[in-house]
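**Q**
Numbering (the numbering used here), first residue to last: 12 to 110.
The following block contains the structure:
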């Protein structure tokens with residue numbers, strides 16, 4: 012299982028404009044067979060800071076995600092939306108359990 016966590020930033024005045032594109036990206040990603048979880052969340056204290064969390068079944072599923080049309084479309088919108096400071100980290104998770 013693969014876990015991706017991190018943040019991206021966009022100008023706070025672009026949040027409303029970015030929301031439909033973010034919703035499309037989330038919905039399309041969640042529909043992928045290897046996607047276990049995919050979410051974005053606005054930081055409560057820092058406007059324009061978006062937290063990213065993704066869980067993927069395995070590397071082939073993530074590679075397929077990276078080749079998808081919806082991620083290409085999403086990435087092509089970044090400049091217009093002012094998305095910057097992309098800081099994501101990939102972790103390989105051997106086991107997960109509730110705490």
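Don't be surprised by glycine CBs; every beta carbon is placed ideally from N, CA and C. Computed from a predicted structure; not experimentally measured.
(1) Using alpha carbons as the reference points, say which of 24, 108, 98, 102 lies closest to residue 59.
(2) Can you list, in chain order, the residues of its chain whose CB lies under 8 Å from that of residue 28, leaving out five sequence neighbours each side?
(3) Within its chain, find whatever has a CB closer than 6 Å to the CB of residue 33; leave out the 5 residues flanking it on each side and keep chain order.
(4) Roughly how many angstroms separate the alpha carbons of residue 65 and residue 96, rounded to a whole number?
(5) Could you tell me which residues DSSP pairs with residue 101 in its beta bridges?
(6) Between 22, 61, 31, which has its C-alpha nearest residue 98's C-alpha?
(7) Ignore the nearest five residues each way along the sequence and tell me which others in residue 48's own chain have a CB closer than 6 Å to its CB.
(8) For the putative contact between residue 104 and residue 63, defined by C-beta atoms under 8 Å, what is the C-beta separation to the nearest angstrom?
**A** The answer reads as follows:
(1) 24
(2) 92
(3) 51
(4) 18 Å
(5) 15
(6) 61
(7) 66
(8) Not really, about 16 Å apart at Cβ, beyond 8 Å.
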